[in-house]
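J.: Those sequence lines, one after another, are chains X and E.
The first sequence stops at residue 267 when you use the numbering used here, and every number in between is there.
The second sequence stops at residue 1006 when you use the numbering used here, and every number in between is there.
This structure is in C-alpha cells; I'll ask about it shortly.
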Amino acid sequence: MVLISCQAKVFKVEGFEECVRQSFEKSLTTAAFSQEIARLRRLNVEDAFLCGLLHDVGRPVLLQALSDYRNDSEVDAADDDILTTAEEFRIPLACRLITSWELPERLAVIIQHQQTPAETPEFDQQAAILNLAIDLANLALDADTEMPEQLTHPMIGVLNLYPDDVAQVLSQHAEMLDWVRSTI
Amino acid sequence: MIATNYDYDVVVIGSGPAGQNAAVEAASLGGRVLIIERERHVGGACVQYGTIPSKTLRETALTLTAFRRRSGGIYEISHDSQLSISSLMTRLEEVVRAHQNATQQCLDMANVERAQGKALFISPNEIAIRDIAGNTTIASAHHVVVATGSRPRNPPNADVDHENIFDSDSVLSMIYLPSSMVVLGGGVIACEYASTFASLGVKVTIVDKWPSPLGFLDSDLVDVLLKQFRANGGEFRGDTVVSSIDWDGVSAARVFLEGGEVLTADKALIAQGRIANLDKLDIENAGLEATDRGLLAVNEFCQTAVPNIYAVGDTIGPPALASASMEQGRRAMRHAFSGELHSSSSLIPAGIFTIPEMATVGLTEQQVIEQHGAAMVGKVDFGRLARAHIMASSAGVLKLVAEATGHKLLGIQIAGNGATELVHLGQMAFLNDMSVDTFATTIFNFPTMAEGYRLAALDIIHRRDAGAASTGSNRDVALQPEGSLS
C-alpha cells in the first residue's frame, strides 16, 4: 500500500500530471469499491482490491513512456494522440506489467476483462466486480453527480446484488473518498 | 391437489437440501409447488459456501495425505508455501455445477416452479417476492415451508472482515493456504475445517470454551480425531475463553484470551455456530415468532404454531445436518398432504467430515446408559482390519452399542476413513431390526472395512458369553487379543 500510494509521486509526466493523478485516484476508489463488493459476495477481498488498484496501471506507464519518447525524439505527437494511444493500450500493458511483476495470472485475466466480464473464461464474478467498481468509482468521483441510493447496472444481476446490498455499498462512498484523498 | 383459492398448494422458501426435498415431495403428492431462492442457482448455502466446497477441499487434502502414506515414502508430496487454495479445489466449479444441475433437474422433473428473489411474509398464506431489480410479486399458497437455512453466528467481540478474520461462509475465499490459523469453536464446522487445514500443513490451533470438541459425540470418536489432529501439528485448547479477536493491521490475526494471553496466526476462523435466516422474512406478519435462540419452534411434523406453515432444516435448529433437513422436508409435506400422524423412521445418521471422518447412527453409549440403565459395547480398532492397513488408514474405531444383555443393537459410532459410508450398513441393520449376532454370522467381503462390524459384534458376543459386566461400570475392558476371533 505504501508503494502504491507513492506511485502518484513517482510518475512525473510533464503535461499529463492531472491525468496521472486522476488515474491513481480512480484506481484507489475502484479498489475500495471492489473490496467492499467482494466482502459482500464472500469472494477474496485482497484480490478484488489489487485488481481495482492495478486495473489502470498501464495508463500512467504509457503516458510516461510516450511522453519521454516524444521529448527525446523528433516525433511531433499531439497530447491528444498520446492520451488516445494510452487509452487504447492501457489494458494489455497492465496485463503485461502484472505478468512481469510475477503477480498471480488470475489478476491479469480479471483486469484483461474489466470491460468484457461476460467474455472471461474464468473468474467471471471477479471481473464483474471490477467492472461494477470502475463505474461506481467514476460515479463517486464525478463532482457534478450526486451518489444515488440505488443503481441500474448490468453487473448487479451477474453478482446477484439486491437493492439492500447495492445501498450498503453505495452508502460507503463518502468514507471511501476520504480514504482515497488521504492516501494520494 | 388440495388448494382451490391459492396460486399454489405449497410455496417453499429456500432451495437448500430441506427446501428442495419438501418441494419435490409436495409435487410428487400432487401439489402445485413454487420454490423461492434468492441466489441465481438452486442449492442454498450448502452449495455456495458450505458442504460442497468444503468437502471438495477436504477430498483433495485426503488424496494428498493418503498418497503420501500409501506410497510408503517412495514419493514425497510437498507443496510450496504459496499454495493457492483454489488450486486444491480445481474441480469445485464442476462439482458445484453438477450438483446444481442435478437439483434443478429434480425440481424440473417434479414440475416445481421457481422464482428468484427474497421472500417476505405478508400473511400466513401470502408471500411477497422481491427480485434484484426491486420488483415485487405476490404468491399465495395453502401451505408455506420455511427453509431459509442459516448463516454464521459472529460474536460481537470479533471483527470478521472476511479478509483476515473469516467466518465459515468466507474462509474458502482465501487465496493461499496460511502458515497458521486459529479456529474459534469446537463444533462440527470448526473441527471439519481445522482438521482439513491441519492435514494440508497449516499450523492450526482450535480454541474453545468446552474441555473437548464435539461434546455431543462419543468420546472414543473424539479421541481418534484429536490424536490425528495433533499428529498433523494441530493444537486443541479447551476450557479457554476468548475476550476478543482482531487484526493487527500488518500481518497477524490476534486472539486475546481471558487471562491476558494473546494467540497470533496468519488468519483466524470464527466457527461458533450458525443462526437461522429468519430476520428478513417478516415472520410476524404470518403470526410466527422466533424462539429465544432465534429458531422456529415446530412439532414432530415440522409444523409451526401457525398450522399451514412448516419450518425445516437449519431454521429449526439441531441437528442441522443436510440428511436430517431432507427428511424434515419430506416429513413436513407428507403431513401437509395426508395428515399423516405417524412420522417415518427417525433414524438419521450423522456424518462429520473431519479428517478422519466420523459417523453415528442411533444412540451413543452414554445415551444407552441413561435411557436403558446399562449398555454392552463392542468395539474394534481399525488397526485390526486388514483393509485399513492396506489403505494405510489404521487410525479409527468402530463401536457397536447394545442394550445390557448384548443382543439388541441401539447405536453405532465410527471414526476413521470411510466412516460416513460404513455407517449405512449398520443403519440398514437397525431398520431391519437385526440383532448384534447378525453381524457375527454374516459373510462380508475380505478384506473390507465392513469386517469391522463382524469383529465389533464378536467383541460383544465374547463379553456376553463371558458374562462380562455391561458398561456404565467398566468401559475399559481390553479388546480381545489378536487372533482369538478367527
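Beta carbons: idealized from backbone N, C-alpha and C, even for Gly.
Along chain E, in chain order, which residues have C-beta atoms closer than 9 Å to that of Gly240 of chain X?
T.: What Gly240 of chain X touches in chain E: Arg560, Ile652, Ala653.
J.: Taking the alpha carbon of Pro672 of chain E as the reference point, which residue from E:Asp768, E:Ala661, E:Tyr569 has its own alpha carbon closest?
T.: Checked all of E:Asp768, E:Ala661, E:Tyr569; the closest Cα to Pro672 of chain E is E:Tyr569.
J.: Note down, in chain order, every chain E residue with its Cβ under 8 Å from the Cβ of Glu129 of chain X.
T.: Those within 8 Å of Glu129 of chain X in chain E are Glu683, Ile695.
J.: Using DSSP with H/G/I as helix, E/B as strand and the rest coil, what is Arg125 of chain X?
T.: If DSSP states are grouped into helix, strand and coil, Arg125 of chain X belongs with coil.
J.: I want to see whether chain X comes within less than 8 Å of Tyr569 of chain E, judged by CB atoms only; does it?
T.: For Tyr569 of chain E, the answer is yes, since a Cβ of chain X falls inside 8 Å of its Cβ.
J.: Could you please give me the residues that DSSP links to Ile685 of chain E through a beta bridge?
T.: In the DSSP output, where bridge partners are listed per residue, Ile685 of chain E has E:Ala788.
J.: Using a 10 Å radius around the Cβ and a threshold of 16 neighbouring Cβ atoms, would you call Thr228 of chain X buried or exposed?
T.: Result: exposed.
J.: Kindly list, in the order they appear in chain E, the residues whose Cβ is closer than 7 Å to that of Leu244 of chain X.
T.: Within chain E, the residues near Leu244 of chain X are Ile652.
J.: What is the C-beta distance between Ala986 of chain E and Leu745 of chain E, in whole angstroms, given that I count them as a contact (C-beta under 8 Å)?
T.: Between Leu745 of chain E and Ala986 of chain E the Cβ distance is about 31 Å, and since that is not below 8 Å, they are no contact.
J.: Starting from Lys723 of chain E, trace the beta strand (DSSP E) in both directions and tell me its first and last residue.
T.: Note, Lys723 of chain E: beta strand (DSSP E), 723 to 727.
J.: Could you say which of E:Ala908, E:Phe776, E:Leu951, E:Leu789 lies nearest to Leu929 of chain E if we only look at CA atoms?
T.: Of E:Ala908, E:Phe776, E:Leu951, E:Leu789, the residue nearest in Cα terms is E:Leu951.
J.: Given this structure, state the Cα-to-Cα distance separating Ser1004 of chain E from Val832 of chain E, to the nearest angstrom.
T.: Low confidence applies here, because Ser1004 of chain E scores a pLDDT of 38, under 50, leaving its location unreliable and the question unanswered by this model.
J.: Mind checking Gly534 of chain E: buried by the 16 CB within 10 Å criterion, or exposed?
T.: Classification of Gly534 of chain E: buried, given that the 10 Å Cβ count is 16 or more.
J.: Can you name, in chain order, every residue of its own chain whose Cβ lies under 6 Å from the Cβ of Gln624 of chain E, other than the five neighbours on each side?
T.: Excluding positions up to five away in sequence, the list reads Val562.
J.: Among the candidates E:His855, E:Asp529, E:Ile963, E:Gly882, whose CA atom is the shortest distance from the CA of Gly931 of chain E?
T.: That would be E:Gly882, whose Cα lies nearest to the Cα of Gly931 of chain E.
J.: If you compare alpha carbons, which of E:Glu885, E:Phe902, E:Ala648, E:Gly536 is closest to Glu971 of chain E?
T.: Closest by alpha carbon: E:Phe902.
J.: Compute the Euclidean distance between the alpha carbons of Asp139 of chain X and Val249 of chain X, then round it to the nearest angstrom.
T.: Spanning the two alpha carbons is a distance of roughly 24 Å.
J.: Please return the same chain residues whose Cβ sits closer than 8 Å to the Cβ of Leu180 of chain X, not counting the five positions on each side in sequence.
T.: Excluding positions up to five away in sequence, the list reads Leu137, Val140, Gly141, Val144.
J.: Please compile the residues from chain X whose C-beta is within a distance smaller than 7 Å of the C-beta of Ser690 of chain E.
T.: Simply Arg125.
J.: Quick check on the burial criterion: 16 or more other C-beta atoms within 10 angstroms. Buried or exposed for Met629 of chain E?
T.: Exposed, by the Cβ-count rule.
J.: CA-CA distance, Leu841 of chain E and Leu190 of chain X?
T.: Straight-line Cα distance between these residues: approximately 37 Å.
J.: By DSSP, does Tyr528 of chain E sit in helix, in strand, or in coil?
T.: DSSP places Tyr528 of chain E in strand when its eight states are reduced to three.
J.: Tell me the DSSP bridge mates of Thr656 of chain E?
T.: BP columns for Thr656 of chain E point to E:Arg650.
J.: Does DSSP put Ser866 of chain E in a helix, in a strand, or in coil?
T.: Three-state result, Ser866 of chain E: coil.
J.: Would Lys575 of chain E pass as an interface residue toward chain X - the criterion being a Cβ-Cβ separation below 8 Å?
T.: False, the Cβ-Cβ gap to chain X never drops below 8 Å.
J.: Quickly, what does DSSP pair Gly931 of chain E with across the bridge? List them, please.
T.: In DSSP, Gly931 of chain E forms a bridge with E:Gly882, E:Val921.
J.: Strictly under 8 Å for the Cβ-Cβ distance: is Leu86 of chain X near chain E by that measure?
T.: A caution first: Leu86 of chain X carries a pLDDT of 48, below 50, which makes its placement in the model unreliable, though a value can still be read off. No, Leu86 of chain X lies away from the interface with chain E (no Cβ there is under 8 Å from its Cβ).
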